[in-house]
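Here the sequence shown stands for residues 7 to 164, numbered as in our numbering.
Glycine is no exception: its CB is placed at the ideal position from the N, C-alpha and C atoms.
This structure is a prediction, so every number in the text was calculated from the model and none was measured.
One structure below.
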Amino acid sequence: TLLGAGVAHFALEEMDQARGFLLRAREAGGGDTVTVAAILAIVASGAGDDGTAAAEALRALRGLRPTIRTPFPPALETVLRTLASRATPAVAAPVFEYAVASRPSWDLAYWGGAQVYARGGPAGCRRAAELAEQLPRFGWREDEVLGLLRPCMTVRRN
7 TLLGAGVAHF
17 ALEEMDQARG
27 FLLRAREAGG
37 GDTVTVAAIL
47 AIVASGAGDD
57 GTAAAEALRA
67 LRGLRPTIRT
77 PFPPALETVL
87 RTLASRATPA
97 VAAPVFEYAV
107 ASRPSWDLAY
117 WGGAQVYARG
127 GPAGCRRAAE
137 LAEQLPRFGW
147 REDEVLGLLR
157 PCMTVRRN
């Protein structure tokens, strides 16, 4: 199958071939569209294409049904961490907002959103603080939360 070929090339780290098969699998319809989107997000993230990585991650998140057993998609964790660390708020914020709304038990959604918004100037810092204040319920210590908001402290002083 196209999906199987895409997964095989992905496993062999042949990303261009993987992307081609996965895009064809999506066009053909059928198969696991969430898996296709998740792998395409990983491929795009590895290539430094944050816009495509965010779009595919959002597509995968929207396609997943959160359950108690799997409240968040493990395959997307690395992609979301990468987006949190380097993508602009305009690119990454919609992914984290959707993750927070659809998976309120996923600390990565709050952490990533806070990290992204902390790079967004004064308006972003307000949202970063709202997200970061949820982190203690996941076991985060106050100093860790403050460290996450450090870029906002720099904005306020300037």
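In the DSSP assignment, Glu-83 falls within the unbroken alpha helix (DSSP H) covering 83-92. DSSP places Glu-136 in the uninterrupted alpha helix (DSSP H) bounded by 127-138.
Taking a contact to require three or more Cβ pairs closer than 8 Å, the segment 100-108 and the segment 141-154 do not qualify as touching. Straight-line measurement puts the Cα of Ala-129 at about 42 Å from the Cα of His-15. Rounded to whole angstroms, the Cβ separation of Ser-51 and Ala-44 is 11 Å, and the two are not in contact under 8 Å. Residue state for Ser-51 is assigned as helix, using DSSP reduced to three classes.
Ala-124 and Cys-158 have their C-alpha atoms spaced approximately 6 Å apart. At least 8 Å separates the beta-carbon of Leu-67 from that of Ala-31.
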